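Let me begin by presenting the structure, written as structure tokens, before commenting on it.
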Amino acid sequence: MNLEQLLSKKVKEAVASIYDQTLPSVEFQPTRKDFEGDITVVVFPMLRYIKGNPVQIGNQIGEHLKTELDEVIGFNVIKGFLNLVIGDAYYTSFFDSIKDSNTYGRHSVENENAILVEYSSPNTNKPLHLGHIRNNLLGYSVAEILKASGNKVYKTQIINDRGIHICKSMLAWQIYGNGETPEGTGLKGDKLAGIYYVKFDQVYKTEVKKLIEEGKDKATAEREAPMLLKAQEMLRKWEAGDAEVVELWKKMNGWVYKGFDETYANLGVNFDKLYYESETYLLGKDVIAEGIANGIFYRKEDGSVWIDLTEEGLDEKIVLRADGTAVYMTQDIGTAIQRVKDFPDIGGMVYTVGNEQDYHFKVLFLILKKLGYSWAQHLYHLSYGMVDLPEGKMKSREGTVVDADDLIDEMTNTAAKISQELGKLDGYSEEERQKLYRIIGLGALKYYILKVDPKKRILFNPEESVDFQGNTGPFIQYTYARIQSILRKADLGTKHLTDKQADGIALHPKEKEIIKLLESYPETVKLAAENYSPALIANYTYDLVKEFNSFYQQVSILGEPEEKIRVFRVQLAKKVGEVIKSAFQLLGIEVPLRM
RNA sequence: GGCCUCAUAGUUCAACGGAUAGAAUAGAAGUUUCCUAAACUUUAGAUCCAGGUUCGAUUCCUGGUGAGGCUACCA
35 MNLEQLLSKK
45 VKEAVASIYD
55 QTLPSVEFQP
65 TRKDFEGDIT
75 VVVFPMLRYI
85 KGNPVQIGNQ
95 IGEHLKTELD
105 EVIGFNVIKG
115 FLNLVIGDAY
125 YTSFFDSIKD
135 SNTYGRHSVE
145 NENAILVEYS
155 SPNTNKPLHL
165 GHIRNNLLGY
175 SVAEILKASG
185 NKVYKTQIIN
195 DRGIHICKSM
205 LAWQIYGNGE
215 TPEGTGLKGD
225 KLAGIYYVKF
235 DQVYKTEVKK
245 LIEEGKDKAT
255 AEREAPMLLK
265 AQEMLRKWEA
275 GDAEVVELWK
285 KMNGWVYKGF
295 DETYANLGVN
305 FDKLYYESET
315 YLLGKDVIAE
325 GIANGIFYRK
335 EDGSVWIDLT
345 EEGLDEKIVL
355 RADGTAVYMT
365 QDIGTAIQRV
375 KDFPDIGGMV
385 YTVGNEQDYH
395 FKVLFLILKK
405 LGYSWAQHLY
415 HLSYGMVDLP
425 EGKMKSREGT
435 VVDADDLIDE
445 MTNTAAKISQ
455 ELGKLDGYSE
465 EERQKLYRII
475 GLGALKYYIL
485 KVDPKKRILF
495 NPEESVDFQG
505 NTGPFIQYTY
515 ARIQSILRKA
525 DLGTKHLTDK
535 QADGIALHPK
545 EKEIIKLLES
555 YPETVKLAAE
565 NYSPALIANY
575 TYDLVKEFNS
585 FYQQVSILGE
595 PEEKIRVFRV
605 QLAKKVGEVI
615 KSAFQLLGIE
625 VPLRM
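Quick note: the first sequence uses the numbering used here, first residue 35, plus one each step.
Structure, rendered in structure tokens:
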């Protein structure tokens with residue numbers, strides 16, 4: 035039983051014995067810094083059950099707690115807030131109970147059902163960009179947080195490897211590529227494909243312009259440009275299984291996958307299972323037939339199939355075209371069901387997709403619920419805001435994108451520059467340095483993106499880039515590195531304090547704050563999982579680090595004359611380091627031994 | 001037009017309906033014989049507007065204003 039549960043029980047007892055009333059719950063909050071005390075009971079909500087003056091009630095409950103519990107050594111009441119002072123002994127013995135745990139903050143698997151987390155899901159016609167980075171970081175981190183809070187997780191992505199947009203880059207390469215290959219040009223495969231996607235658009239636009247000059251109206255010109263007609267022809271051939279087209283498709287996709295794999299490796303994300311749209315795009319049609327039989331869907335006169343969601347406040351939505359081919363929705367219904375066939379223990383799914391698709395997922399989830407799948411109750415759209423540049427929206431066709439690989443390199447270079455200016459890495463080999471620059475550069479980028487609430491848009495200014503000071507990844511990494519330095523010098527060896535020995539220590543106020551923060555870590559992980567929010571973990575870690583830095587500045591850890599206190603402080607520093615590392619793992623950020 | 005999201009110091013972010021709205025940056029002023037100064041300390045500065053709900057509203061509701069998104073037999 036933790037402190038809050040214990041206090042909650044005792045407060046209820048107090049209310050029962052003094053006022054003969056039953057409280058359903060007790061509200062706590064950490065005591066504000068400017069008041070004396072460690073944990074605060076909010077009396078106001080009790081007024082619904084107990085008539086009286088909040089100050090008086092607070093005093094009576096406080097008196098009761100003080101006599102009943104050794105942990106509570108004092109209290110004061112201000113307005114409706116009962117501030118409890120908790121003795122050092124509680125914190126030292128709590129710390130003793132967690133200091134040797136290797137898995138502190140990670141909850142053991144308690145849910146039989148697994149959660150499938152989908153993220154990334156790129157098109158295979160162009161390289162990954164900044165928007166994908168946000169998607170990948172969010173998806174990966176949420177998967178890690180769900181794991182840490184006691185869920186089995188499958189990470190997946192669906193690769194959009196078919197369709198007209200894929201044919202566009204294939205076609206442009208076929209016409210203008212002169213047989214270029216990644217090996218021949220030295221370009222990453224995804225970059226090469228991306229070049230021809232842009233090329234298609236240029237040629238297409240020129241053609242459209244020419245047609246308009248020849249007197250066609252805009253819509254007709256856009257529809258009849260030869261380049262587009264050729265791409266459509268290519269798609270028909272692909273769907274018919276034309277050997278030449280399929281081979282080209284395989285070749286170019288192969289290049290792109292290789293390029294993506296490199297970017298994923300650099301970014302530190304991975305997947306347990308891949309789905310390819312080319313293999314799943316026909317799924318879902320049989321479900322539509324079933325749904326028609328059940329009266330969930332209906333067929334219009336032209337043969338197209340729809341669902342009426344007006345009762346739920348939404349529109350009517352098409353689920354199958356008049357010609358019997360699938361739409362996006364059909365496929366998504368089909369793949370969701372397929373995933374549960376592949377992994378029967380799936381009890382829920384998380385879709386990491388940008389907020390422009392909010393409506394789509396609302397509809398998708400509703401349809402799956404109507405179809406009666408039990409897991410449909412636990413679907414979550416991890417929706418995130420766009421990453422904007424100062425000039426506005428990124429447009430891949432116009433080449434105004436921030437490329438993922440370029441950005442990672444740029445961050446690494448900035449880290450190297452700052453690091454060299456500070457000149458702390460004497461004695462490190464070039465290889466070790468490069469590795470460290472990468473850890474720091476990526477740490478800055480990842481933290482910068484993950485600390486923001488996913489819903490909100492991010493304005494990304496490549497010039498100003500990302501900070502390395504203040505509430506940033508490197509700041510936290512730096513603190514971690516300093517702790518490691520302390521541990522190297524402390525040579526703790528076999529020295530350990532027992533519960534009893536530690537009990538005699540008078541805690542520095544900052545130490546108490548640090549232990550309180552450590553105490554709240556497991557709860558923070560749970561909360562982050564419930565809210566699918568890496569930002570909570572990021573901000574928690576920052577609080578912990580800030581508190582530790584402030585402590586570190588005020589007292590000497592290794593220089594403390596009294597052995598007992600020195601050992602305790604080193605152990606505390608060690609634990610802070612472990613929690614930083616653990617929390618950063620949940621964000622997918624590495625932590626350096628030195629920097 | 002309809003629907004959805006967002007709006008907090010100059011800037012970037014916080015705040016289960018709780019106390020005097022927290023940080024960071026940029027500004028001003030300090031702290032290195034000592035465990036890593038990528039640090040620490042001090043200082044000034046903000047809830048888009050108008051109503052409502054209640055002991056209490058940045059948070060919930062209504063109406064505005066501003067920004068973005070969705071509103072395809074595209075994915």
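Glycine included, every Cβ here is placed at the ideal spot set by N, Cα and C.
Here the structure is a predicted model, which means the values were calculated and not measured.
**Burial state of Ser142, where buried means 16 or more other Cβ atoms lie within 10 Å** = Sequence index remark: in the first sequence, residue 142 carries index 108 (1-based). Exposed.
**Request:** Decide if Lys222 is buried, meaning its Cβ has at least 16 other Cβ atoms within 10 Å, or exposed.
**Result:** As a first step, residue 222 must be located in the first sequence, where it is residue number 188. With 16 or more Cβ atoms within 10 Å of its Cβ, Lys222 is classed as buried.
**Prompt:** Is Trp272 near the ligand SAM, going by C-beta to nearest heavy atom under 7 Å?
**Reply:** This structure lacks the ligand SAM; in fact it carries no ligand of any kind.
**Prompt:** How many Å lie between Lys264 and Ala253 at the Cα?
**Reply:** As a first step, residue 264 is located in the first sequence; it is residue number 230 there, counting from the start. As a first step, residue 253 is located in the first sequence; it is residue number 219 there, counting from the start. Rounded to whole angstroms, Lys264 to Ala253 spans 18 Å at the Cα level.
**Beta-carbon proximity list for Gln63, same chain, < 6 Å, skipping 5 on both sides** = Here residue 63 corresponds to residue number 29 of the first sequence, with the count starting at 1. Here the set comprises Thr74.
**Request:** Closer than 7 Å by C-beta to Lys21: which residues in its own chain qualify, once you throw out the five before and the five after it? Chain order, please.
**Result:** Outside the shown range of the chain, which is 35 to 629, sits residue 21, and nothing can be said about it.
**Item:** The alpha helix (DSSP H) enclosing Met643, as first and last residue numbers
**Value:** Because the chain is modelled from 35 through 629, residue 643 falls outside the range shown and cannot be assessed.
**Item:** Inter-stretch contact at 8 Å, needing at least 3 Cβ pairs: the region 82–89 / the region 129–137
**Value:** no
**Asked** Using 8 Å as the threshold, is the region 193–206 in touch with the region 256–273, meaning 3 or more CB pairs across them?
**Response** yes
**Request:** Starting from the N-terminal side, write out each stretch of the beta strand (DSSP E) that is 3 residues or longer and does not extend beyond the region 265–350.
**Result:** 307–310 and 339–342
**Asked** Do Lys480 and Leu40 come within 8 Å of each other at the CB atom, strictly closer than that value?
**Response** On the first sequence, position 6 is the one that residue 40 refers to. On the first sequence, position 446 is the one that residue 480 refers to. Not a contact, by the Cβ cut-off of 8 Å.
**Asked** So is Arg82 buried or exposed if we call it buried at 16+ other beta carbons inside 10 Å?
**Response** For the purposes of this step, residue 82 is taken as the residue at position 48 of the first sequence. Classification of Arg82: exposed, given that the 10 Å Cβ count is below 16.
**Request:** Quick one: using the 10 Å Cβ neighbour count with 16 as the cut-off for buried, is Pro156 buried or exposed?
**Result:** Residue mapping note: residue 156 aligns to position 122 of the first sequence, counting from 1. Classification for Pro156: buried.
**Item:** Close-in-space but distant-in-sequence residues of the same chain around Ser417 (CB under 6 Å, 5 per side omitted)
**Value:** Here the question's residue 417 lines up with position 383 in the first sequence. Cβ within range, chain order: Asn389 and Asp392.
**Request:** Following the continuous beta strand (DSSP E) through Ser554, name the residue where it begins and the one where it ends.
**Result:** To locate residue 554, count along the first sequence from 1; it is residue 520. Premise fails: Ser554 is in no beta strand (DSSP E) and is neither H nor E.
**Asked** Tell me which same chain residues have a C-beta within less than 8 Å of the C-beta of Thr314, skipping the five on either side of it?
**Response** Against the first sequence, residue 314 aligns to sequence position 280. Excluding sequence neighbours, Thr314 sits near Ile192, Gln365, Gly368, Thr369 and Gln372.
**Counted within 10 angstroms of its Cβ, other Cβ atoms place Gly611 as buried (16 or more) or exposed** = On the first sequence, position 577 is the one that residue 611 refers to. Answer is buried; the Cβ neighbour count reaches 16.
**Request:** Count the other CB atoms, across all protein chains shown, that sit within 10 Å of the CB of Phe502; report buried if there are 16 or more and exposed otherwise.
**Result:** In the first sequence, the residue the question calls residue 502 occupies position 468. It counts as buried.
**Request:** Throw me the rounded Cβ distance for the Asp306 and Lys189 pair, which I believe falls under 8 Å.
**Result:** Residue numbering aside, residue 306 sits at position 272 when the first sequence is read from its first letter. Residue numbering aside, residue 189 sits at position 155 when the first sequence is read from its first letter. Their Cβ separation, rounded to whole angstroms, is 5 Å, which keeps Asp306 and Lys189 in contact under 8 Å.
**Asked** What residue range is occupied by the uninterrupted beta strand (DSSP E) comprising Ser155?
**Response** Position 121 of the first sequence, counted from the start, is the residue given in the question as residue 155. First-last for Ser155: undefined, no H or E at that position.
**Request:** On the DSSP bridge assignment, give the partners of Gln63 in chain order.
**Result:** Start at 1 with the first residue of the first sequence, and residue 63 comes out as number 29. BP columns for Gln63 point to Thr74.
**Asked** Cα-Cα, which of Gly96, Gln94, Asn117 and Glu97 is closest to Asp68?
**Response** Here residue 68 is taken as the residue at index 34 of the first sequence, counted from 1. Nearest option by C-alpha distance: Asn117.
**Prompt:** When the Cα atoms are used, what is the spatial distance from Glu97 to Asn110?
**Reply:** Against the first sequence, residue 97 aligns to sequence position 63. Against the first sequence, residue 110 aligns to sequence position 76. Computed Cα separation, rounded: 10 Å.
**Message:** Using the three-state DSSP reduction, which class does Gln191 fall into: helix, strand or coil?
**Reply:** In the first sequence, residue 191 corresponds to position 157, counting from 1. DSSP places Gln191 in strand when its eight states are reduced to three.
**Prompt:** Roughly how many angstroms lie between the CA atoms of Arg66 and Leu493, to the nearest whole one?
**Reply:** Taking the first residue of the first sequence as position 1, residue 66 is located at position 32. Taking the first residue of the first sequence as position 1, residue 493 is located at position 459. Cα-Cα distance, rounded: 33 Å.
**Asked** Out of curiosity, what's the CA-to-CA distance linking Gly337 and Ile510?
**Response** In the first sequence, the residue the question calls residue 337 occupies position 303. In the first sequence, the residue the question calls residue 510 occupies position 476. Rounded to the nearest angstrom, the two C-alpha atoms are 60 Å apart.
**Meets three-Cβ-pair contact criterion under 8 Å: the region 212–230 and the region 284–292** = yes
**Request:** Measure the C-alpha to C-alpha separation of His530 and Leu301 and round it to an integer number of angstroms.
**Result:** Locating residue 530 in the first sequence gives position 496, where the first residue counts as 1. Locating residue 301 in the first sequence gives position 267, where the first residue counts as 1. When rounded, the distance between both Cα atoms is 39 Å.
**Item:** Integer Cβ distance of Leu162 from Ala438, believed to fall under 8 Å
**Value:** Numbered from its first residue, the first sequence carries residue 162 at position 128. Numbered from its first residue, the first sequence carries residue 438 at position 404. Yes, they are in contact, since the Cβ atoms of Leu162 and Ala438 sit about 4 Å apart, within 8 Å.
**Request:** State the beta-bridge partners of Ser417 as determined by DSSP.
**Result:** Here residue 417 refers to the residue found at position 383 of the first sequence. In the DSSP output, where bridge partners are listed per residue, Ser417 has Val387.
**8 Å contact criterion, which Leu470 and Pro626 should meet: CB distance rounded** = Residue 470 sits at position 436 when you count from the first residue of the first sequence. Residue 626 sits at position 592 when you count from the first residue of the first sequence. With 8 Å as the limit, Leu470 and Pro626 qualify as a contact, their Cβ atoms being about 6 Å apart.
**Asked** Which residues mark the beginning and the end of the beta strand (DSSP E) in which Gly108 is found?
**Response** For the purposes of this step, residue 108 is identified with residue 74 of the first sequence, where counting begins at 1. It spans Val106 to Ile112 - the beta strand (DSSP E) in which Gly108 sits, taken as one unbroken run.
**Request:** Out of Glu557, Gly220 and Leu205, state which residue places its alpha-carbon closest to the alpha-carbon of Asp235.
**Result:** Within the first sequence, numbered from 1, the residue matching residue 235 stands at position 201. Minimum Cα distance to Asp235 is reached at Leu205.
**Message:** Would Val421 and Tyr566 qualify as a contact pair, given that the criterion is a beta-carbon distance under 8 Å?
**Reply:** As a first step, residue 421 is located in the first sequence; it is residue number 387 there, counting from the start. As a first step, residue 566 is located in the first sequence; it is residue number 532 there, counting from the start. Not in contact: Val421 and Tyr566 (Cβ atoms no closer than 8 Å).
**CB of Thr513 within 8 Å of CB of Phe582, strictly** = Position 479 of the first sequence holds residue 513. Position 548 of the first sequence holds residue 582. Result yes, Cβ atoms of Thr513 and Phe582 sit closer than 8 Å.
**Request:** Would you mind sorting Asn304 into buried or exposed? The rule is 16 or more other CB atoms within 10 Å of its CB.
**Result:** Against the first sequence, residue 304 aligns to sequence position 270. Answer is exposed; the Cβ neighbour count stays below 16.
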